[in-house]
Each structure stands twice: as C-alpha cells, then as structure tokens.
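Beneath this line is the structure, given in structure tokens, with notes to follow.
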Amino acid sequence: MNRRMLNVLLSVTLTLLLTAPAAAVRSAGHVEGWYDVGGYRLWITCAGPHTQNAAVILAGGLTRGSATWDTVFPALTRTSRACVYDRSGVNLSDQGPLQANGYAGGVRELRALLGRVNERGPYVLVGLEYGAEIMRYYAQQHPQEVAGMVLIDGGVLRRELLARYRAALPQMQANEPLVVTHLRRDVRGHDPGFPSTEDEFNRLPFQGVLGGKPLAVVTAGRSEWTETAKAYGGRQDLAKLETARRRAYRALLGMSSNAKHVIAPHRTAGLVGWPQEDLRLTLSVIRAVLDSARSGTNLK
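Pasting the structure below:
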C-alpha cells in the first residue's frame, strides 16, 4: 500500500472516530407522541438532559394519567431526564385489550413503551396513588431494572388497606357520630376490589426486593378522615383510621434497607394538583432518591 493511500485511510478513520457518538452517550432530544406497544398506542413524552442519574419514569393516578404531573414534570426536567405517559385507556392513549388491565398488563405495556422510545434503565420509578401500585409491581417483578423508587399516597393494595381499617373500627360504639357509623358500614361492606389482579402480588417477592436501592414513601399529612372529623366529629375514631393508613404505608419500607417515610404536611390524599409547598417537597424527595441511586449512599 502506497503512502498516499495510507494517509487517506488514516484520515477517514480519524474522521469516523471524531464524529461517531460514544456508545455510552444518548441523545438528549425531546420525545413526544404515540407509540405502538402491540396493536394499540400509548402516549409518552420524555425530556431533560441525560446525566449520570437514572431516568425518572412518572406514573399518574387512576384516571388523570400524565395530567397528574403537569407542574412536577417541567420542574423536574430542568435538571433530570424524565418520562411521563398515559396508561391504556387513560387520557391520550388508546384503549388496549383486556390483557392490558391489571398490574401485570400495566407493567408489560410500560416496558414495551420505554423500549420503543429507547429509554434505557435502570430507572427511578415514581408513582402516585394507583400509579404507585403499578410501579410497586414493576419493582417486585423486575428489580434489576429499578435504580430507586418513590411511592406517593399509593402502593398499598386496597385489600391490605381495608383490612387495617376494619381492624381499627372493630365494633359500633354508643353515641358515636352518624358519619362514623356509615363509614364503618362502608368499610366492612366494601368490595375488596380487583381481587384477581391483587393476587398477582402474592407470586412475587416483597421483603427486601430492592436490596439497598433507595425507596421513599410519601404520605399525605391530611386525608379524608381528617376533613370528615373536622366537619362531623368522631375525631377519636377517625384518628384510628388515620393511624391505620400511615402504618399501611410504612409497611412498604420493607422493600428496601435504604428506605425513608416522608410525611407531606400540606398535602391532602386524593387532592387534584400540587400545592406549592407540596411541589417543592415532591421534587426534593425525587432528587434525593436520584442522588442516592447515583452515589450509592443512604437516603437523607
């Protein structure tokens, strides 16, 4: 090979090395739209810079989906990579087949969706209310794909919660407020809800499933019991329900040896939207989990 040809080859090789993206670097582009996940489409948007932190995946409540995170998402993506999506049949997403329902179906379609937009794990999973149950199932089924997790007012199965409520109000008391009597009947007569899908959890490990990966459980400082007690009395009985609710959420800490229970004093469970104080707390908790996942240190 003559010198001229050798110089050309060296020049081409050098050009390719300088212009080719590094394998560990991903595009920082904005992703938004509908993606097929097996015969139906889900809506997703991903934004924010790719950093050393894991990407944050946000799952919303039962009916609001991505709209749950309208104020959280833009604030979070200023410094972190995050994705927000709509489950099957919610907001902008198509209604999927029956198999898309339940926890297993919810996890299956989310994993397919993240693959379609080329967002690689492990992730920090963040779920609110029903979305927290989906994220809990994801973590129990695929712990190797999880870098950390934040569960906000959710993650406790309805059956578990109702059992605690029934134990907290064992029998009718004389002269109790009428609202407590009605509540007792409601709790005892309530359908446990989704029994077949809740049984899916029984086949998965729970205690210590995340090892030392960071887990934050955020519980609203106020609930429906708080507001009912103010309006109708029965403070002592409703305080028992409030205690039962908090204990149920604290039990979730058993999933990780690096777990923290955070009370959001300004938040009311089930409230639509994020009060400013609650928004700041939510962002700080997510960022603390991101930092812990990256550094391998305990949650602060």
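Numbered per mature numbering (1 follows the signal peptide of the UniProt record, and there is no 0), the sequence shown spans residues -24 to -1, 1 to 276.
Glycine included, every Cβ here is placed at the ideal spot set by N, Cα and C.
Which whole-angstrom value is the C-beta distance of GLY197 and ARG243, which I expect to be below 8 Å? About 6 Å separates the Cβ atoms of GLY197 and ARG243, confirming a contact at the 8 Å cut-off.
Less than 8 Å separating the beta-carbons of LEU104 and ILE262? No. Outside cutoff.
May I have the straight-line CA-CA distance separating GLU109 from LEU38, to the nearest angstrom? The C-alpha of LEU38 is placed about 10 Å away from the C-alpha of GLU109.
Name the one or two DSSP bridge partners that TYR79 has. DSSP lists no partner for TYR79.
With DSSP collapsed to three states, give me the class of ALA30. Coil.
Could you spell out where the beta strand (DSSP E) holding MET231 opens and where it closes? Careful: MET231 lies outside any beta strand (DSSP E) and carries neither H nor E.
I'd like to know whether the C-beta atoms of VAL194 and ASP129 end up nearer to each other than 8 Å. Against a cut-off of 8 Å, the Cβ pair of ASP129 and VAL194 comes out as a contact.
Candidates ALA31, GLY36, GLN28 and THR273: which alpha carbon is nearest TRP19's? Of the listed residues, the one whose Cα sits closest to TRP19 is GLY36.
Quick one: using the 10 Å Cβ neighbour count with 16 as the cut-off for buried, is ASN178 buried or exposed? With fewer than 16 other Cβ atoms within 10 Å, it is exposed.
Should PRO190 go down as buried or exposed, given a rule of 16 or more other Cβ atoms within 10 Å for buried? Label assigned to PRO190: buried.
Decide if the segment 226 to 233 is in contact with the segment 82 to 92; the criterion is three or more beta carbon pairs, one per stretch, under 8 Å apart. At 8 Å Cβ cutoff, the stretches do not touch.
Relative to the C-alpha of ARG17, which residue among GLY24, ALA23 and GLY9 is closest? Restricting attention to GLY24, ALA23 and GLY9, the CA atom closest to the CA of ARG17 is found in GLY9.
According to DSSP, is THR21 helix, strand or coil? Strand.
What three-state label does DSSP hand VAL48 in the structure shown? The three-state secondary structure of VAL48, taken from DSSP, is helix.
By alpha-carbon positions, which one of ILE33, ALA220, ASP213 and ALA224 ends up nearest to TYR99? Ranked by Cα distance from TYR99, the first of ILE33, ALA220, ASP213 and ALA224 is ILE33.
Where the alpha helix (DSSP H) containing residue 294 begins and where it ends: Shown here, the chain extends from -24 to 276; a query on residue 294 therefore has no answer.
With three or more beta-carbon pairs closer than 8 Å as the criterion, would you say the segment 57 to 66 touches the segment 124 to 142? Flag = no, the segment 57 to 66 and the segment 124 to 142 do not touch.
Apart from the five residues just before and just after GLN212, which ones in its own chain have a Cβ nearer than 8 Å to its Cβ? Non-local beta-carbon contacts of GLN212 in its own chain, meaning distances under 8 Å to residues more than five positions away in sequence, are absent.
By Cβ distance, which residues of its chain are closer than 7 Å to ASN77, with the 5 residues on each side in sequence left out? Hits under 7 Å: none found.
When burial is assigned at 16 or more other CB atoms within 10 Å of the CB, is GLN120 buried or exposed? Counting of Cβ neighbours within 10 angstroms places GLN120 among the exposed residues, the total staying below 16.
How many angstroms separate the CA atom of ASN29 from the CA atom of TYR106? ASN29 and TYR106: Cα-Cα distance of roughly 25 Å.
Reducing DSSP to helix, strand and coil, say where TYR16 ends up. DSSP places TYR16 outside both helix and strand once states are collapsed to three, so it counts as coil.
Report buried or exposed for HIS221, applying the criterion of at least 16 other Cβ atoms within 10 angstroms of its Cβ. The amino acid at residue 221 is misidentified as His; the sequence shows Arg. So ARG221 counts as buried.
Skipping 5 residues on each side, what residues in its chain have a beta carbon closer than 8 Å to that of VAL238? So the list reads ALA192, VAL193, VAL194, THR195, LEU257 and VAL261, once near-sequence residues are dropped.
With burial defined as no fewer than 16 other Cβ atoms inside 10 Å of the residue's Cβ, what is the status of GLN183: buried or exposed? It is exposed - the Cβ of GLN183 has fewer than 16 other Cβ atoms within 10 Å.
How would you call residue 310, buried or exposed, if buried means at least 16 neighbouring beta carbons within 10 angstroms? Any answer about residue 310 is impossible in this case: the structure gives the chain only from -24 up to 276.
Do you know how far the Cα of GLY15 is from the Cα of LYS276? When only Cα atoms are considered, LYS276 and GLY15 end up about 44 Å apart.
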